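Using the working numbering, you'd call the opening residue of the sequence shown number 119 and step up by one each time.
For each residue, glycine too, the CB sits at the ideal point set by N, CA and C.
Computed from a predicted structure; not experimentally measured.
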Amino acid sequence: MSLEEAILDKVRHLPQAKQEEVLRFADGLQQQSAIRMVPRRDRAVEMQWIARNRAAFADQWVAVEGDRLVAADVDAGKVFAAAKAEGIESPFVVHVVREDLPFFAGW
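Here it is as C-alpha cells:
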C-alpha cells in the first residue's frame, strides 16, 4: 500500500466532521500552490543602461528591459502601465536620481 493509499484509508475511517476538516485542509494546500513564483532575473544590463543614461532621465521613473528604454515619465504608474502594455510581465521600473546630489542622512 502506498503512502497516499494509507492516508486515504485513514481519512475514510474518520468521523464525518474530521473528514470535512481534512478536505478543507487539502483545499487550502491547493490554493497555496496556486501562488505563482516569478523567477529572479539578473538586472545587470538594465543597471548599466541606467548608469549610462542617468543624466538624461534624472528625476524620472524609467522602465528598462535589457538594453532598451520602454518608458519614462515623472509618474511611476504611467511607466509601469506602459511596460505592462508592451507585455512585460515583471517590468524593471526605477526612479532615476541625480548623481550630483550630496548624500544626506538627515538630522
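Val212 places its beta carbon less than 8 Å from that of Val180. When only Cα atoms are considered, Arg161 and Gly184 end up about 8 Å apart. Under the DSSP definition of a beta bridge, Phe210 partners with Val182.
If you check the CB distance, Asp191 and Val182 do not come in under 8 Å. Boundaries of the alpha helix (DSSP H) around Ala199: 194–203. Annotation: Met119 is outside any alpha helix (DSSP H) and is labelled neither H nor E by DSSP.
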